[in-house]
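Undergrad: Pasting a structure below so you can have a look.
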Ligand code: SF4
Ligand code: SF4
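Written out as structure tokens, the structure is:
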């Protein structure tokens, strides 16, 4: 599973990008995006997704629908 960033809510503050242990967050054309193939939901590294933890916007980063 992976997380995704809701572009409608993201303010592009950049806080999440350096926190990702798998370097799965990048900026594409000014939009922050999570690589679904790289994101591990921080499994094995942290108790909960670090991007969600640091993102100041509630509901901005959610689980990618299967
Ligand atoms: S859940 Fe973890 S691995 Fe996935 S994008 Fe967020 S910080 Fe990176
Ligand atoms: S921390 Fe949240 S609001 Fe900031 S760039 Fe990341 S997803 Fe967007």
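Numbering (UniProt numbering), first residue to last: 1 to 66. Glycine residues also receive a C-beta, built at the ideal position from the N, C-alpha and C atoms.
#1: Looking only at its own chain, which residues have a Cβ that is under 6 Å from the Cβ of residue 49, when we skip the five neighbours before and after it?
#2: Indicate, with yes or no, if ligand 1 has a heavy atom lying under 6 Å from the CB of residue 3.
#3: For a test of the three-state rule: what should DSSP assign to residue 53, helix, strand or coil?
#4: For a cutoff of 7 Å on Cβ pairs, would you count residue 6 as touching chain D?
#5: Look at residue 22 and residue 38 and say whether their C-beta atoms are less than 7 Å apart.
TA: In this structure, then:
#1: 3, 41 and 42
#2: yes
#3: helix
#4: Absent from the structure: chain D. Only one protein chain is present.
#5: yes
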